[in-house]
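K.L.:
Got a structure for you, written out below as structure tokens; questions coming shortly.
Residue numbers (my numbering): 2 to 194.
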């Protein structure tokens, strides 16, 4: 770490459980964030601010006016722009040392490649198809998955780290089987705070 980084991350370094070694691990880390909306926005900002070295952000949507009350990476100036490009610009202003890789909507081999390349995967998506695809990829590649969801005034968080399990780790599909998940609640029709 250079002097600027030592100063920037000095409050992390003072925490015994982090220290210089922990901060260096953050600087070398690569996190894949799928979804640059209401959950992915604050997650990306905090991870970039904390010094995570590389953030890959996947989202196929564009910024809409109705996103701005909760999707804090985006602004009036980025309405109509790809969320990944808007995120990249905002994160560059937050921490210019953080490498931000905008990715299109991930499917098939591109999804597997993106998951394989990351150390940790954050599922901040807004649909079951993506959640289950990420879950399958993380199980197959033995990657840690943090999956979050929110609708109306409720939210959920699921964490899976198959690397630490002595026996097969339960996964997202173990808790929420794919069968019977046809009806999705949508923020656009149900509301979200």
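Backbone N, C-alpha and C fix where the C-beta goes; we use that ideal spot for every residue, glycine too.
(1) Given this structure, state the Cα-to-Cα distance separating residue 68 from residue 175, to the nearest angstrom.
(2) Excluding the five sequence neighbours on either side, which residues of its own chain have a C-beta within less than 6 angstroms of the C-beta of residue 21, listed in chain order?
(3) Give the straight-line distance between the Cα atoms of residue 62 and residue 83, rounded to the nearest whole angstrom.
(4) Per DSSP, which one or two residues make a beta bridge with residue 55?
(5) In the DSSP assignment, the beta strand (DSSP E) including residue 118 goes from what residue to what residue?
(6) Go through its chain and collect everything with a Cβ distance to residue 143's Cβ below 8 angstroms, but skip five positions before and after it.
(7) Specify, as a first and last residue, the run of the beta strand (DSSP E) that residue 16 falls within.
(8) Can you grab the Cα-Cα spacing for the pair residue 79 / residue 168, in whole Å?
(9) Closer than 8 angstroms is the cut-off here; do at least three beta carbon pairs connect the segment 92-99 with the segment 35-54?
(10) What's the gap between the Cα of residue 107 and the Cα of residue 28?
(11) Say whether the segment 137-156 touches the segment 50-60, bearing in mind that this needs 3 or more beta-carbon pairs closer than 8 angstroms, one atom from each stretch.
(12) Cα separation between residue 7 and residue 88?
(13) Quick check on residue 165: does DSSP put it in helix, strand or coil?
(14) With 16 as the cutoff for other CB atoms within 10 Å, does residue 155 come out buried or exposed?
P.N.:
According to the data block:
(1) 32 angstroms
(2) 14
(3) 6 angstroms
(4) 31, 100
(5) Careful: residue 118 lies outside any beta strand (DSSP E), inside the alpha helix (DSSP H) at 109-118.
(6) 163, 164
(7) Careful: residue 16 lies outside any beta strand (DSSP E) and carries neither H nor E.
(8) 46 angstroms
(9) yes
(10) 25 angstroms
(11) no
(12) 26 angstroms
(13) helix
(14) exposed
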